[in-house]
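Protein chains in written order, with the numbering used here: chain B, 5 to 307; chain G, 355 to 568.
Yeah, the Cβ is synthetic: ideal placement off N, Cα and C, and Gly gets one too.
Note that this is a predicted model, so its numbers are computed, not measured.
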Amino acid sequence: MRIASLCQLLLALVLAPLLPGVINKVKAFVAGRTGPPIVQLYHDMFKLLGKGAVYSETTTSVFRFAPLAGLAAVIVALTLLPIGSVRALLAFPGDLVLLAYLLGLMRFLTVIGALDTGSSFEGMGASREVQFSALAEPVLMLTMVALARQADNLSLSGIYPAITGNTWVQAGPALAMISAALLAVSLAENARIPVDDPNTHLELTMIHEVMVLDFSGPDLAFIHYAAALKLWVFGSLLVGLCLPLRTGQALADVGAFLAGMFLFATVIGIIESTMARLRLLRVPQMLVGAGAIAIVALVLVLR
Amino acid sequence: MQAWTDLVLILVILTNLALAGLSSFGTCVRVLAFQGVLLGLVTVGVQQGDLSLHTLVLVAGIVAIKGLVFPRLLLRAVREAGVRHEVEPFIGFATSLLIGTLALPLAMWLTSHLPRVGPAVPPLLIPTAFHAILIGLLLIVSRRKAVTQVLGYLALENGIFIFGVGLVRQATLLVEMGILLDVFVAVFVMGIAIFHISREFDHIDTDRLSLLKE
Numbered sequence: 005m006r007i008a009s010l011c012q013l014l015l016a017l018v019l020a021p022l023l024p025g026v027i028n029k030v031k032a033f034v035a036g037r038t039g040p041p042i043v044q045l046y047h048d049m050f051k052l053l054g055k056g057a058v059y060s061e062t063t064t065s066v067f068r069f070a071p072l073a074g075l076a077a078v079i080v081a082l083t084l085l086p087i088g089s090v091r092a093l094l095a096f097p098g099d100l101v102l103l104a105y106l107l108g109l110m111r112f113l114t115v116i117g118a119l120d121t122g123s124s125f126e127g128m129g130a131s132r133e134v135q136f137s138a139l140a141e142p143v144l145m146l147t148m149v150a151l152a153r154q155a156d157n158l159s160l161s162g163i164y165p166a167i168t169g170n171t172w173v174q175a176g177p178a179l180a181m182i183s184a185a186l187l188a189v190s191l192a193e194n195a196r197i198p199v200d201d202p203n204t205h206l207e208l209t210m211i212h213e214v215m216v217l218d219f220s221g222p223d224l225a226f227i228h229y230a231a232a233l234k235l236w237v238f239g240s241l242l243v244g245l246c247l248p249l250r251t252g253q254a255l256a257d258v259g260a261f262l263a264g265m266f267l268f269a270t271v272i273g274i275i276e277s278t279m280a281r282l283r284l285l286r287v288p289q290m291l292v293g294a295g296a297i298a299i300v301a302l303v304l305v306l307r
Numbered sequence: 355m356q357a358w359t360d361l362v363l364i365l366v367i368l369t370n371l372a373l374a375g376l377s378s379f380g381t382c383v384r385v386l387a388f389q390g391v392l393l394g395l396v397t398v399g400v401q402q403g404d405l406s407l408h409t410l411v412l413v414a415g416i417v418a419i420k421g422l423v424f425p426r427l428l429l430r431a432v433r434e435a436g437v438r439h440e441v442e443p444f445i446g447f448a449t450s451l452l453i454g455t456l457a458l459p460l461a462m463w464l465t466s467h468l469p470r471v472g473p474a475v476p477p478l479l480i481p482t483a484f485h486a487i488l489i490g491l492l493l494i495v496s497r498r499k500a501v502t503q504v505l506g507y508l509a510l511e512n513g514i515f516i517f518g519v520g521l522v523r524q525a526t527l528l529v530e531m532g533i534l535l536d537v538f539v540a541v542f543v544m545g546i547a548i549f550h551i552s553r554e555f556d557h558i559d560t561d562r563l564s565l566l567k568e
């Protein structure tokens, strides 16, 4: 069982950079372009890893360790996530709180790295990132609490195997609302379109991209990789909930899960192609709306 | 049948929340029209299969009046008033949405203090009714524009209607159609009132009407 857990972690580490590639491919397809190859992020990362990093004289050691420590935080978060019926490498009651805090730690490291440059532009991005995640994090916790109550278990590795097709028959509306709230949170946390546009550089409305402007070489590769892994984390939270295929066969479960992840990336690509960015003032409204849906789901589950 | 009715009731709760959190009149009116159609489905769901002519006529009446006639009247009132958004309500939209969400546990708590109506009523029916009533009251007290207050009145009335559907399953057709007619007349009058207010004062902010002098 340990071997299977280790394998699924390696799978995540290897395949995560494919997700942004799939999203970009879908966006290109909808727009009628050919688009970059799906494996573009691997090329970018290898190229960046071979380069040297440039450090501004005003930065301190915080700037240097932030990308690496952020990557470490998100990899630890990945060890908590189960795939289908395969348990996670680390599983204990209450690990869903640790998951939220590890994601928070990763965000904190990105933010202090950005603030360390002393650039007012990056400070603005950091301020926005913190403001939106302060609204997104309670929603994530609410969805996790609702799931924990539904499955009557406090560990992610206990919750996800307990959600089956039968659970959907019993509490379908509540689970659907939890999924909708989780989707909104993953769009906000991963800086995808209704909240932030990953393609616009040097524009005054961007959030995540503005914080990583000063990183170069291997540091930038770490940041791109960590962002892809974070997308994988949210994707697996959502896919495990929406595709409750629990055959008991590890291989079949993992296959269904991978198909679900590519579906998740496709859905994000379609959302990005069809929607415009929200005005910055509207983003908190969207997140509060997601929070309201999560609370209703929690109330229904508690009933 | 039970799960199906529950789904419809949850959709009613979500439309209530949408009313609390949205600012555009046009969208709110459409949400309310959708809620009217949902009310028809609730009526069918509560009857649990034994559809009589009485129920069918009532459902047709609800869907026609709440889903078609009211939206038309209100959209016309909105167009004539020339205002498309609720501006600076007394309670902000995000706060209203949170209050509206917290109204759901309150509604469930209220329901738990009522005597059980009977096994035939879906457990979510009475909380949904209370929730719609609370949201209606919230809209009436917290908004400035007359149009939103009319929407709040209609949400309130929808709540009372759901309550009635649950309690008086065999009420006579005449009574229910009579109530529908009353509401219809009320909305008709309010539409005309909104038009007159906006023509007289160039706005429909009701809080400023309290400053009127002779």
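Q: Determine the direct distance from the alpha carbon of Phe-424(G) to that of Val-541(G), and round the result to whole angstroms.
A: 7 Å
Q: For Ala-296(B), go through chain G and note every residue whose CB falls closer than 8 Å to its CB, in chain order.
A: Leu-371, Gly-375, Leu-451, Leu-452, Gly-454, Thr-455
Q.
Considering only DSSP beta bridges, list what His-228(B) is partnered with.
A. Bridge partners of His-228(B): none, in fact.
Q | Other residues of its chain near Met-215(B): CB distance less than 8 Å, five sequence neighbours each side excluded | A | Thr-114, Val-115, Gly-117, Ala-118, Glu-126, Gly-129, Ala-130, Glu-133
Q. Which of helix, strand or coil does DSSP assign to Ile-87(B)?
A. strand
Q) His-47(B) lies in the alpha helix (DSSP H); which residues open and close that run? A) 44 to 53
Q: Can you give me the Cβ contacts of Leu-93(B) inside the same chain, cut-off strictly under 6 Å, excluding the 5 residues immediately before and after it?
A: Ser-9, Leu-13, Thr-83
Q. Using DSSP with H/G/I as helix, E/B as strand and the rest coil, what is His-467(G)?
A. coil
Q | As assigned by DSSP and simplified to three states, the class of Asp-201(B) | A | coil
Q: Would you tell me roughly how many angstroms separate the C-alpha atoms of Val-247(B) and Gly-264(B), rounded to the nearest one?
A: Correcting the residue identity first, residue 247(B) is Leu in this sequence and not Val. For Leu-247(B) and Gly-264(B), the distance between alpha carbons rounds to 7 Å.
Q: Output the distance between the C-alpha atoms of Leu-285(B) and Thr-251(B), rounded to the nearest integer angstrom.
A: 45 Å
Q. Would DSSP call Asp-218(B) helix, strand or coil?
A. coil
Q. Which residues of chain G have a Cβ atom closer than 9 Å to the Cβ of Val-300(B), listed in chain order?
A. Ile-364, Ile-367, Leu-368, Leu-371, Thr-455, Leu-458
Q | Per DSSP, the bridge partner or partners of Lys-499(G) | A | Asp-559(G)
Q | Beta-carbon spacing of Pro-198(B), Leu-191(B) below 7 Å | A | yes
Q: Counting only the same chain and skipping the five closest in sequence on each side, list residues whose C-beta sits under 7 Å from that of Ala-431(G).
A: Val-501, Gly-545, Ile-548, Phe-549
Q. Taking 7 Å as the CB-CB cut-off, is Leu-361(G) touching chain B?
A. yes
Q: Tell whether a beta-carbon distance below 7 Å holds between Gly-244(B) and Tyr-164(B).
A: yes
Q: Could you check what DSSP says for Ser-378(G) in three-state terms: helix, strand or coil?
A: strand
Q: Counting only the same chain and skipping the five closest in sequence on each side, list residues whose C-beta sits under 6 Å from that of Asp-218(B).
A: Thr-121
Q: Output, in chain order, the set of chain B residues within a Cβ distance shorter than 8 Å of Ala-619(G).
A: Limits of chain G in this structure are 355 at one end and 568 at the other, which puts residue 619(G) out of reach.
Q) Is it right to say Val-58(B) is buried, meaning 16 or more other beta carbons lie within 10 angstroms of its own, or is it exposed? A) exposed
Q. Under the rule that 16 or more other beta-carbon atoms within 10 Å means buried, what is Pro-41(B), buried or exposed?
A. exposed
**Q.** Under 7 Å between C-beta atoms of Lys-31(B) and Gly-273(B)
**A.** yes
(Q) Threshold first: 4 residues or longer. Then list the alpha helix (DSSP H) segments lying entirely within the stretch 382 to 431 of chain G, N to C. (A) 407 to 416
Q) Taking a cut of 9 Å between CB atoms, which residues from the stretch 164 to 178 of chain B lie near chain G? A) Val-173, Gln-174, Gly-176, Pro-177, Ala-178
Q. Is the shortest distance between the beta-carbon of Val-303(B) and the beta-carbons of chain G less than 7 Å?
A. yes
Q.
Based on DSSP bridge pairs, tell me the residues matched to His-212(B).
A. Note: His-212(B) sits in no beta bridge, so no partner.
Q | Neighbouring residues, chain B, relative to Met-584(G) (Cβ below 8 Å) | A | Given that chain G is displayed from residue 355 to residue 568, the structure contains no residue 584(G) and the question cannot be resolved.
Q) Would you call Lys-29(B) buried or exposed, if buried means 16 or more other Cβ atoms sit within 10 Å of its Cβ? A) buried
Q. Which residues mark the beginning and the end of the alpha helix (DSSP H) in which Met-279(B) is found?
A. It is not in any alpha helix (DSSP H) - Met-279(B) carries neither H nor E in the DSSP assignment.
Q: May I have the straight-line CA-CA distance separating Val-300(B) from Ala-435(G), to the nearest angstrom?
A: 35 Å
Q.
For Leu-224(B), which residues in the same chain have their Cβ closer than 6 Å to its Cβ, ignoring the five residues on either side in sequence?
A. Leu-52
(Q) Output needed for Ala-104(B): all residues of its chain with C-beta closer than 8 Å, excluding positions within five of it in sequence on either side, in chain order. (A) Glu-141, Leu-144, Met-145, Met-148
Q.
Just to confirm, is the Cβ distance from Ile-211(B) to Asp-200(B) under 7 Å?
A. yes
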